[in-house]
Every structure is written in structure tokens, then in C-alpha cells.
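So that you can map any letter, position 134 of the sequence shown is 133 in numbering that gives the first Met the number 0, and since no number is skipped, the others follow by simple counting. The structure appears right after this line, and notes come after that.
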Amino acid sequence: MLQILNWEYRKPIIKKCVKAICNLLTTIFGGNADIAGWFVVYFLHNMPYTLLMYRILLYKVEKWVIGFFILTLVLHFLFRGCICFRLERELFQDKTWYGPYGVMEFVGIEVNTPNVIKFFNIWATFIVAVISCKFIYQNYFNIQ
């Protein structure tokens, strides 16, 4: 059972799952992997994540939001990165695809895996801090 913690054990399973999901999406979109890829980018990756971030930053933090964010983090570590990136890279057949992290190029930061991981860790730490502060403030200072 603890094998699931071993990356070498998970790696082939994850690859098979990604392939199966990509095949399903490509079939749904009439055999067009590019359309399936952009569907993943906008409707399975950017839109849910953006809405979650708005929800965390602008509204009262509720337990389901915390749960969804924790689920996202756990899946990120389980898949050793973003599952949506894996789907997008497979559908676009582009191993250099970094999605929204491509924005780092505009500020002069090279877009590579170590820099993306650093940025993700900084962003995740910031969001965890925001959630923690808002949760403590809401629950211990009786803010409705």
C-alpha cells in the first residue's frame, strides 16, 4: 500500500491515466487533439483555478474552499506537478508547454522546471497564508 508513495511505482500508472484521459478528450472533440488541449487549458485548468483564487482572495473562506485547495495541493504532489499540465503537454505534443507560467518570460525569468517549481511554491505558500489568516480572523474574531 505504501508503494503509492514511490514515484517510480506511480509514474507508469500516471502515464497510462494521462493517455487514457487524452484519448477520451480527443475522441469527444472529433479527433482534434488541439481543441481538446485548449478545452483542458481553459475549462479544466485556468477557469476553475482562477475562480478558486478569486474565491479565496475576495470572499469569506469556507471549509469547502479549503478542502478544494488542499485537494489541489495533494494532487499536485501526487502527480509530481500539475495534472492539467500533463494533459496539455500530451494533447499539444509539446514537452516545453508551461501554460500560465509562460508569463514569467515577460519579466525576464527563464521558464524552466526549477523556476516553475519555485514560483509554484511561493504562490502556494502565499495562498496558504491568506487562507490561514482569513480563516483565523473569521473564526476567532466573529466576523460574519
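We put the beta carbon where it would ideally sit given N, CA and C, even for glycine.
For Arg79, the three-state secondary structure derived from DSSP is coil.
Per DSSP, the unbroken alpha helix (DSSP H) holding Ile27 starts and ends at 6-27.
DSSP, reduced to helix, strand and coil, places Phe140 outside both helices and strands of the structure shown, so it counts as coil.
In the three-state reduction of the DSSP assignment, Tyr41 falls in the helix class. Within the same chain, and ignoring the five residues on either side of Ile13 in sequence, the residues whose Cβ sits closer than 7 Å to its Cβ are Phe78. Distances from the alpha-carbon of Val17 to those of Thr112, Asn45, Leu90, Thr26 put Leu90 closest. Here Phe125 is actually not in contact with Tyr100; their C-beta atoms are around 15 Å apart, not less than 8 Å. Inter-residue distance for Leu57 and Lys133 is about 10 Å (C-alpha atoms, whole angstroms). Here Phe140 is exposed. Its C-beta has fewer than 16 other C-beta atoms within 10 Å.
Straight through space, the alpha carbons of Ser131 and Asn31 are spaced by roughly 43 Å. A straight line joining the alpha-carbon of Leu43 with that of Asp33 spans about 15 Å. For the set Leu72, Trp37, Met52, the Cα lying nearest the Cα of Trp96 is the one of Trp37. Taking a 10 Å sphere around the C-beta of Val115, we find 16 or more other C-beta atoms and assign the residue as buried. Residue state for Lys59 is assigned as coil, using DSSP reduced to three classes.
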